[in-house]
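Every letter in the sequence shown is one number past the one before it in UniProt numbering, and letter 19, counting from 1, is 19. Here a beta-carbon is modelled for each residue, glycine too, at the ideal position from N, C-alpha and C. Computed from a predicted structure; not experimentally measured. In what follows, a structure is listed as structure tokens, so that the remarks can point back to it.
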Amino acid sequence: MRLLAFFATLIAFAGLILAGLELRSAMTTPLPPTETRAAQSSALQQTRRDEPQPPRQWPAVFGEEIKEEKQPPTLPTPPRAALPPPPPMPPIESLGYTLKGMVRTDAQDGTGDWAIVSHPTGDRLVRVGDSLSDGVEIISITQEGIWVDRAGTRALLGFEEQ
1 MRLLAFFATL IAFAGLILAG LELRSAMTTP LPPTETRAAQ SSALQQTRRD EPQPPRQWPA
61 VFGEEIKEEK QPPTLPTPPR AALPPPPPMP PIESLGYTLK GMVRTDAQDG TGDWAIVSHP
121 TGDRLVRVGD SLSDGVEIIS ITQEGIWVDR AGTRALLGFE EQ
């Protein structure tokens with residue numbers, strides 16, 4: 001490791017010596033007379049002034065400006081006919097659900113309430129928030145029965161009248 005550092009130091013020292021020699025030669029070389037330098041620079045400036053210069057193209061720092069083309073005015077679209085309201089959903093009992101029984105607790109939020117719902121596929125024990133089928137969710141369990149949400153409409157599944 002020390003050997004590598006030694007060689008790196010020698011290379012840096014050699015570069016320093018070369019830079020010093022270049023500086024010495026630049027300092028000892030005489031400059032051309034000032035008249036010839038002035039004539040060269042003025043001739044250079046004259047050629048630059050006479051030539052047409054292209055416009056400067058600055059890089060787009062904040063993106064390119066988008067120029068919107070004017071569009072012809074669009075014709076107003078005729079108003080669409082109002083869609084007829086969807087047909088009312090069949091009662092929840094037509095899906096085969098019947099309320100068999102329920103248990104209510106004294107909890108204010110109704111979290112302890114549960115009910116037994118019968119269906120041709122079998123009986124189920126349900127609570128608030130459970131889903132009976134796709135799109136049918138239990139909202140609350142009250143004295144009247146089970147309130148369900150069917151695609152935004154509330155329906156009551158009560159006990160069968162005998």
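Worksheet item: Which one or two residues does DSSP pair with W58 in a beta bridge?
Response: In the DSSP output, where bridge partners are listed per residue, W58 has none listed.
Fill in: Host beta strand (DSSP E) of M27 (start-end)
Unbroken run through M27 is the alpha helix (DSSP H), 2-28; no beta strand (DSSP E).
Worksheet entry | Proximity to G135 [Cα-Cα], best of Q57, T153, I141 | T153
Practice prompt. Round the Cβ separation of D113 and I139 to the nearest angstrom and send it over; I've been treating them as touching at under 8 angstroms.
Written response: Contact flag wrong, Cβ pair sits at about 12 angstroms.
Practice prompt. Might you give, ordered along the chain, the residues of its own chain that have their beta carbon closer than 8 angstroms to the beta carbon of P120, omitting 5 neighbours on each side?
Written response: G96
Fill in: Simplified DSSP state of E93, which is helix, strand or coil
helix
Fill in: Nearest neighbour of I116, chosen from S94, G158, R150 [CA to CA]
G158
Worksheet item: Shortest alpha-carbon distance to P91 belongs to which of E64, R2, E51, R150?
Response: R150
Discussion item. Please state whether the Cβ-Cβ distance between L156 and G145 is less than 7 angstroms.
Written reply: yes
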